[in-house]
Amino acid sequence: MRLYQLPVSLYSFKVRLGLALMGVGLELVEPPGGSYRSAEYRAINPAGTIPALVDGDFWLAESDAILGHVEALGLGHRITPADPRRAARAVMLSRWHDLRLEPALRRLFPHVGSATRDAAVVAEADRLMAEAFALIDTAVSPDGPFVTGPTPTVADCGYAATLVWFDALRGPLGLSAAPGPRLARASAALRIEPWLDAEFARYPALVAAWVDGKLAG
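Encoded structure:
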């Protein structure tokens with residue numbers, strides 16, 4: 003199986019974290035044509051999004067779908083909790099990440115450089131992230147250490163990826179939003195999991211370089 007991804011992509015990192023938690027290695031390749039917008043890549047993944055999984059004549063987009071499929075194949079450790087309530091909560095929290103928190107953060111990407119920055123857009127994104135963080139913490143496990151309890155899930159992967167970006171943008175953009183104590187605890191717990199050392203050793207530097215490039219541009 004082949005995973006089309008980009009090293010700095012937030013959702014590519016989310017999937018790489020999930021694969022590492024499962025102990026599954028896939029062939030990692032970048033999109034042909036130099037971009038996920040290229041005609042060559044859209045011939046592989048009509049959605050034109052990153053990442054995408056290809057297995058023979060089968061293709062799949064969307065990070066949760068990719069990780070769910072790999073898990074269902076039984077290629078590695080399960081990351082979906084056996085407890086049905088925890089499993090359902092993991093799905094909900096992963097959706098809250100993808101639909102509430104990450105889109106608010108992504109609004110900031112065109113506004114990192116001072117030449118293209120719109121203070122009103124930054125302020126609105128900051129407000130939306132603060133709302134999302136407050137909501138998310140109501141559902142994160144109070145006991146932890148992870149988002150839904152004693153073991154990490156796909157939801158942990160998404161939040162960990164977004165918080166790397168949030169940490170890199172917070173200072174330069176003067177953001178006032180902050181993850182709640184439960185989410186902050188869960189993210190910190192994931193970062194010290196030994197099988198994720200390689201990913202967390204590389205990714206923050208890639209994000210920092212992207213941000214620095216925008217600030218310098």
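In terms of my numbering, the numbers along the sequence shown are unbroken and rise by one, the last being 219. Idealized CB from N, CA, C, for every residue including glycine.
For L217, the enclosing alpha helix (DSSP H) has its first and last residue at D199 to A218. Two segments are said to touch when three or more pairs of C-beta atoms, one from each, lie closer than 8 Å; by this definition the stretch 132-151 touches the stretch 82-98. Taking the C-beta atoms as reference points, T153 is found no nearer than 7 Å to A92. For D57, no alpha helix (DSSP H) encloses it; the enclosing beta strand (DSSP E) starts and ends at A54 to D57.
Pairing L165 with S189 gives a Cβ-Cβ distance under 7 Å.
In the DSSP annotation of this structure, L62 is not part of any alpha helix (DSSP H); the continuous beta strand (DSSP E) holding it starts and ends at F60 to A63. Contact annotation, D57 with M94: C-beta distance approximately 28 Å; criterion of less than 8 Å not satisfied. The bridge partners DSSP lists for E29 are R4. Considering only G173, F148 and L175, the residue with the shortest C-alpha distance to A162 is F148. The beta carbons of M24 and I81 sit closer together than 7 Å.
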